[in-house]
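**Student:** Sequence lines, in order, name chains Y and F. Okay, so the first sequence: first residue is 4 according to our numbering, each after it adds one. Okay, so the second sequence: first residue is 4 according to our numbering, each after it adds one. Virtual Cβ for every residue (Gly too), placed ideally from N, Cα, C. Every value quoted in this text rests on a predicted model; they were computed, and no experiment measured them. This is the structure, below, for whatever I ask next.
Protein chains: 2
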Amino acid sequence: MASADQEVNEPAGLNSARARVRMRVPSVAERVAEELRYQLAEGFLVPGSKLTEATIAEDLGVSRNTVREAFAELAGERLLLRQPNKGVFVATLEAGDIHDVYTVRRAIEVSSLRAGGSPERVAAVRAAVDEGKRAAEANDNEGLGSANQHFHGAIVALAESNRLNTIMAQILAEMRLYFHKATLNAHFYSDWLTENERICSALEAGELERAGDLLLAYLNRSEQQQTAIHGA
Amino acid sequence: MASADQEVNEPAGLNSARARVRMRVPSVAERVAEELRYQLAEGFLVPGSKLTEATIAEDLGVSRNTVREAFAELAGERLLLRQPNKGVFVATLEAGDIHDVYTVRRAIEVSSLRAGGSPERVAAVRAAVDEGKRAAEANDNEGLGSANQHFHGAIVALAESNRLNTIMAQILAEMRLYFHKATLNAHFYSDWLTENERICSALEAGELERAGDLLLAYLNRSEQQQTAIHGA
DNA sequence: TCTGCTGGATTGTTCAACGATCCAGCGATC
DNA sequence: GATCGCTGGATCGTTGAACAATCCAGCAGA
């Protein structure tokens, strides 16, 4: 969600009149969690593979306890699965998980969209649509995927709710993990583009009910497609 | 959520034909987290108070590292707030938090209710309503509160989504923490009872749209009341 | 009154250790 | 040959101790 690099080379900022935002230096455990999140999203760690505490600790040059703390965080986000006395594993798609994930998305995305949002938030949705168009013109499959995630994230952001935003961020992280590059072909993307465009237009026109219906239909269709590819 | 006592005095069960459910002995860290959750829900730990690692570790007779792990879990559930190098504190109600919480509830409760559910799940909703009635007759304020929580939990359970259930459980835990006994008077409860009854009846009658509207109106009203009591 | 230092307390992180648990392999038994 | 039971190794769960980093309150001095 945020870039990896941490810019802490500007201590002069402390002397400004009001140093309101405390420049947070993430703890080691958080950085480990961030690194693992990155590797999960990027597909370096495939679902089902085992993560040994000692190995990760050595690879990243941190203590085993610190790795444990990171594991606990990621397990809370459902990205890792902890099996007592056996180890932690990259989460795998269980039966019913697809329906489960889409149930959550239907609830929070449609609800957020139907309630509308400030002009700035609506503009953010439009920006995500444009981002997708540009990626399509550039034949950038990777970019198309993240643009689509930005689109749905922007829809939830309409509600201005921190809790909904973090829930959605976790759901999107799960989807990145499960439905990785292999399952994403151009067919899906072209579908997204036109659909996102229509939803965004309806939103901008204030036709919230219709926008919600479109989004709901899209999510149902997407669930069917994913279910067809992976198991139930 | 579950009772504290763990019954592990029946090793004979292992000899049965199919020992399907592995009797899980919660780890020490989980038990610590459970104990803290209990104390938070019960109001022994008031919002804003500080929890010192060493103190908790000594009180519960566990290691400081184990307490840390429990803290991390509860911080992930927004029940505790971690301030780097300062300590962990019981979460307090920040500006906008009430609206935030109710935004989540509107999204997932109304969505779940509008989609209906299996007869068993609907019966569970009815059971929660009855539980509230019995508590009212017995003048059991404590029981009324938990009955209401069961009611709203049962509504979300209609959707048969593990993820939605855990989200709702966390939200309810937050509300127990924030809106504790002090803020709960008989006035609120009587309102709940009749409203829950109407919603449940509409659900049973299959009038899902109307049930959703009733729930939505109730949540809006409840948010206004809570906002009036606590700050914005 | 404001500034800057200092000491104590607490957290962040590491390390080493030990028991508990799981798993694979291997031999013994029927 | 298949099943059972054992055993050893690997890994996890938890502990205790240690040390650096950070924060905070109090105090001295300008």
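If you run the structure through DSSP and keep just helix, strand and coil, what is residue 25/F?
**Tutor:** Below a pLDDT of 50, predicted positions are generally treated as unreliable, and residue 25/F, at 46, falls in that range; no measurement from the model is reported.
**Student:** Tell me residue 49/Y's beta-bridge partners as DSSP assigns them.
**Tutor:** None, per the DSSP bridge assignment.
**Student:** Between which two residues does the beta strand (DSSP E) carrying residue 179/F extend?
**Tutor:** From DSSP, residue 179/F is part of no beta strand (DSSP E) but of the alpha helix (DSSP H) over 165-181.
**Student:** Report yes or no: do three or more beta-carbon pairs, one from the region 149-168 of chain Y and one from the region 125-136 of chain Y, lie closer than 8 Å?
**Tutor:** Because the criterion of three Cβ pairs below 8 Å is met, the region 149-168 of chain Y and the region 125-136 of chain Y touch.
**Student:** Who are the Cβ neighbours of residue 32/Y in its own chain at under 6 Å, not counting the five residues just before and after it?
**Tutor:** Closer than 6 Å at Cβ, skipping near neighbours: 69, 72 and 73.
**Student:** Helix, strand or coil: which one does DSSP assign to residue 147/F?
**Tutor:** Correct three-state label for residue 147/F: helix.
**Student:** I'd like to check one pair, residue 30/F with residue 107/Y: are the Cβ atoms closer than 9 Å?
**Tutor:** Against a cut-off of 9 Å, the Cβ pair of residue 30/F and residue 107/Y comes out as no contact.
**Student:** At a Cβ threshold of 9 Å, is residue 165/F touching chain Y?
**Tutor:** Yes, residue 165/F counts as interfacial toward chain Y.
**Student:** Can you list, in chain order, the residues of the region 72-100 of chain F whose Cβ is nearer than 7 Å to any Cβ on chain Y?
**Tutor:** The residues in question are 72, 75, 76, 79 and 87.
**Student:** Would you verify that the beta carbon of residue 236/Y is, or is not, closer than 9 Å to some beta carbon of chain F?
**Tutor:** What is shown of chain Y runs 4 to 235, which leaves residue 236/Y out entirely.
**Student:** In the DSSP output, what is residue 90/F paired with across the bridge?
**Tutor:** Answer is 86/F.
**Student:** Which chain F residues sit within Cβ distance under 7 Å of residue 106/Y?
**Tutor:** By Cβ distance, chain F contributes 162, 164 and 167.
**Student:** Within 10 Å of its beta-carbon, does residue 28/Y have 16 or more other beta-carbons around it, so buried, or fewer, so exposed?
**Tutor:** That one is exposed.
**Student:** I'd like to know whether the C-beta of residue 179/F is nearer than 9 Å to at least one C-beta of chain Y.
**Tutor:** Closer than 9 Å: no.
**Student:** If I measure Cβ to Cβ from residue 229/Y and keep anything under 6 Å in the same chain, skipping five residues before and after, which residues do I get?
**Tutor:** The residues are 101.
**Student:** Which bits of chain Y does residue 170/F rub up against, with CB to CB less than 8 Å?
**Tutor:** Simply 107 and 170.
**Student:** Label residue 126/Y either buried or exposed according to how many other C-beta atoms from any shown protein chain fall within 10 Å of its C-beta, with 16 as the threshold for buried.
**Tutor:** Burial call: exposed.
**Student:** Quick one: does residue 176/F have its CB under 9 Å from some CB of chain Y?
**Tutor:** Answer no: the Cβ-Cβ gap between residue 176/F and chain Y never drops below 9 Å.
**Student:** Name the residue from 112/Y, 209/Y and 121/Y whose alpha carbon lies nearest to the alpha carbon of residue 169/Y.
**Tutor:** The candidate whose alpha carbon is nearest that of residue 169/Y is 112/Y.
**Student:** Tell me which same chain residues have a C-beta within less than 7 Å of the C-beta of residue 25/F, skipping the five on either side of it?
**Tutor:** Residue confidence is low: residue 25/F scores 46 on pLDDT, short of 50, so the model does not pin down where it sits. Its coordinate-derived value is still stated next. Cβ within range, chain order: n/a, list empty.
**Student:** Between residue 162/F and residue 118/F, how many whole angstroms is the CB-CB distance? I'm expecting something under 8 Å.
**Tutor:** At roughly 6 Å, the Cβ-Cβ gap stays under 8 Å, so residue 162/F and residue 118/F are in contact.
**Student:** Which term fits residue 62/F, buried or exposed, when burial requires 16 or more other beta carbons within 10 angstroms of its beta carbon?
**Tutor:** Classification of residue 62/F: exposed, given that the 10 Å Cβ count is below 16.
**Student:** If you compare alpha carbons, which of 81/Y, 35/Y, 99/Y and 93/Y is closest to residue 65/Y?
**Tutor:** Here the closest residue by C-alpha is 35/Y.
**Student:** Taking Cβ to Cβ, would you say residue 176/F is nearer than 9 Å to residue 82/F?
**Tutor:** Their beta carbons are under 9 Å apart, which means residue 176/F touches residue 82/F by this criterion.
**Student:** On a CA-only basis, which of 167/F, 143/F and 139/F is nearest residue 197/F? Give me that one, please.
**Tutor:** With distances taken between Cα atoms, residue 197/F lies closest to 139/F.
**Student:** Does DSSP put residue 18/F in a helix, a strand or coil?
**Tutor:** Confidence is the limiting factor: at residue 18/F the pLDDT is only 34, short of 50, which leaves the residue's position unreliable and the question unanswerable from this model.
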